[in-house]
Structure formats: structure tokens, C-alpha cells
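Asker: Dropping the structure in here first, questions after.
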Amino acid sequence: MANPLGGRGGPRQLPAETGMLEAVRRRYAAAARSVKTGEAASCCDTEAGKDAISRDLYASGDLAGLPEAALRASLGCGNPTALAALHAGDVVLDLGSGGGLDVLLSARRVAPTGKAYGLDMTDEMLALARENKRQAGVANAEFLQGHMEEIPLPEASVDVIMSNCVINLSPDKDRVLAEAFRVLRPGGRFAVSDVVVQGRLPRWVRRSAELWSGCLAGTLREEEYRAKLAGAGFTNIDVEITRVYDEALLENAGARVLARLALRLVGRRGRFCAAFVRARKP
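Quick note on numbering: the sequence shown equals residues 0 to 281 in numbering that gives the first Met the number 0.
Below, the structure written as C-alpha cells:
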């Protein structure tokens, strides 16, 4: 029987999609390797060690007892564990779990009867997350290899879907949201941090693999995000802007010239923003 996911376990992709995903994989594999050498990873097209984008997203008390590598590998634009209002006994799935920080925090909150899954496509990040889990001594966390477009969990098996600045990296967001809807139980919650754009991106930005892997080119407009969630079947949809990425923030983060140029062009008609995105499966 043919593998329904295609290839080595990932979903079938068009050539353009494959190029974008490979750019994402390379960037996050490099981020995982940098963490192992004691450096901080970076996100949103910023240089390692200068990331103002993801700074101060977690209360220091929440991080007690977690490996330093889990924090250094945090590449998000928000804190979905605070957004999700987790309860003991919940089953949580983090899409694009990276070094595992949000999974480990979630596993603590849903213990002792709940469970937290992390899904990631990058070998290096999965290895880092599993080592962070071992060091933290968190028994109710599990890291799965796979793609957001083909979630390797049964239908109606999850109470909460989380993600931290990762859904924007997918070239097929309709498929991601349809899969999120499939694995959620009735009444399940979609609670993610992501980047959105207010206004329209120039076509060259959308086609840039570097800006795609740097969290900018794949962003949806607010109204697009709402429409796609509704199209997947979600209700109670809300998009709350939490931070605006202006040039001063990117400069402080050490962002590359290409990212600053994209922001400047978009800034004539709109802006990049971090947002909490909430929805519910009826």
C-alpha cells in the first residue's frame, strides 16, 4: 500500500511548496544546532543572539526547572500556553513544537491525567526537544515527527491545539486548519500565537524563501485568517493583535536588511503584527 503521506512520511507537496518547506527545515535545523552549542536561536528573520521578537514572553516562575536549552530554542511570537487556559486532564497538541518549551509547560499544567504532544518535521529540533523532556523529567509529554498538513493523530483525539508563530510557515494553511479541526474533539479549542499582516504584501515578498522561513512572507491578513478558520468549520473566532513589528523593533532584534525592506514596503499600506488567534470546534 502506498504511503498516504508521500515521500518519507511528509505530505505530498507541489514543487514551490517543497522549496519553501525546505527553506524552513534548514533554518530551524540550524537553530537547533546553534542551541546545542550554547547560543540562542532566533526567529522572524533575526540574527542569533539578538532576538527582541520573542523576548519576555514567559513569566520567570513558569520556566523554573526547565532546561536552559528549551528557552534558548524558543522561536515564538507569543505565549500560547497562557492563551489556551489549560486544565488538568486536557490533551494538548503543539504544532511546530521546536525545542519543546510550550509542550513542557503545557504538560505540567494538564498533569497528572492529561498529555501534551509536540509535532515537528525537523530531526534536529525533535532530538533537542526529547533531550529537554528527559532533563526536565516530564513524563506526560511526547514529541511526534510529521507535518502540520498531515497530523499523525486520530480524529477527535485532542482538546487544545496550540502553535507559536509556526502556522504562518506552512504553504497550505487551509490544509493545516482542516487537520486541526479534524483532530480536535467537539468543543475543542484552537489557541495559537501567530504573525498576521494588516495590508497586502508585495509579490516578491511572497516568493522569497528567505522571508518565508523568516516568518514574514507566509503571513495571512487578519481577515484571511478569520475566513480560513470559518471555512474549516471553526466558530467563536477572534484575532487579537498583541504586538506591532515596526522598524525599531526589527533593528533592535538585529533583523536582516531584507526583512527591514519588506517591513518598510508593507508599512506604506499596513503592518506586521503578532496576534493571539482563538477559535472553537462546535
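Backbone N, C-alpha and C fix where the C-beta goes; we use that ideal spot for every residue, glycine too.
(1) For Ala-278 versus Arg-188, is the C-beta distance shorter than 9 Å?
(2) Please state whether the Cβ-Cβ distance between Val-182 and Leu-82 is less than 9 Å.
(3) Count the other CB atoms within 10 Å of the CB of Asn-235; is the residue buried (16 or more) or exposed (fewer)?
(4) Could you have a look at Thr-221 and say whether DSSP puts it in helix, strand or coil?
(5) Would you call the region 89-108 and the region 145-164 in contact, with 3 or more CB pairs under 8 Å?
(6) Which residues in the same chain as Leu-176 place their Cβ atom closer than 7 Å to its Cβ, once the five residues preceding and following it in sequence are excluded?
(7) For a minimum of 3 consecutive residues, which ranges assigned as the beta strand (DSSP E) are wholly contained in the region 76-119?
(8) Around the Cβ of Asp-101, are there at least 16 other Cβ atoms within 10 angstroms (buried) or fewer (exposed)?
(9) Compute the distance between the beta-carbons of Phe-180 and Phe-233, then report whether it is under 9 Å.
(10) Three-state secondary structure (DSSP) at Ala-28?
(11) What would DSSP say about Val-157, mapped onto helix, strand or coil?
(12) Can you tell me where the alpha helix (DSSP H) with Asn-233 in it begins and where it stops?
(13) Tell me the rounded alpha-carbon separation between Val-159 and Pro-281.
(14) So, does the CB of Thr-112 fall closer than 9 Å to a CB anywhere in chain D?
(15) Decide if His-146 is buried, meaning its Cβ has at least 16 other Cβ atoms within 10 Å, or exposed.
(16) Taking the straight line between their C-alpha atoms, what separation do you get for Ile-166 and Asp-193?
(17) Could you pull the DSSP bridge partners for Phe-180 from this structure?
(18) Note down, in chain order, each residue of its chain lying with its Cβ closer than 7 Å to the Cβ of Tyr-224, except the 5 sequence neighbours on either side.
(19) Starting from Arg-133, follow the alpha helix (DSSP H) in both directions and report where the run begins and ends.
(20) Can you tell me whether Asp-173 is helix, strand or coil according to DSSP?
(21) With 16 other CB atoms within 10 Å as the buried threshold, where does Phe-271 fall?
(22) Does DSSP put Phe-167 in a helix, a strand or coil?
(23) Between which two residues does the beta strand (DSSP E) holding Ala-274 run?
(24) Please determine, among Asn-139, Gln-144, Pro-111, Thr-112, the residue with the shortest C-alpha to C-alpha distance to Leu-127.
(25) Can the beta-carbon of Met-124 be found closer than 9 Å to that of Ser-105?
(26) By the three-class DSSP mapping on this structure, what secondary structure does Glu-67 have?
(27) Report back the beta-carbon spacing between Ala-135 and Leu-200 to the nearest angstrom; my notes put them in contact at under 8 Å.
Answerer: In brief:
(1) With a cutoff of 9 Å on beta-carbon distance, Ala-278 and Arg-188 are scored as near each other.
(2) no
(3) The residue in question, Asn-235, is exposed, as its Cβ has fewer than 16 Cβ neighbours within 10 Å.
(4) At residue 221 the sequence reads Glu, which differs from the Thr that was named. Helix.
(5) yes
(6) Lys-227, Leu-228, Ala-231
(7) 90-94, 114-119
(8) The Cβ neighbour count for Asp-101, taken over all protein chains shown within 10 Å, is at least 16; the residue is labelled buried.
(9) yes
(10) Here Ala-28 sits in helix by DSSP.
(11) strand
(12) Before going on, a small fix: residue 233 reads as Phe here, not Asn. Note, Phe-233: premise wrong, no alpha helix (DSSP H); not H, not E.
(13) 13 Å
(14) Among the chains in the structure shown there is no chain D, since it carries only a single protein chain.
(15) buried
(16) 7 Å
(17) Answer by DSSP bridge pairing: none, since Phe-180 is not bridged.
(18) Val-195, Val-238, Val-276
(19) Unbroken alpha helix (DSSP H) run through Arg-133: 122-135.
(20) helix
(21) buried
(22) Sequence check: residue 167 is Asn here, not Phe. It is helical.
(23) That run of the beta strand (DSSP E) goes 270-279.
(24) Gln-144
(25) no
(26) Three-state DSSP puts Glu-67 in a helix.
(27) Contact flag wrong, Cβ pair sits at about 39 Å.
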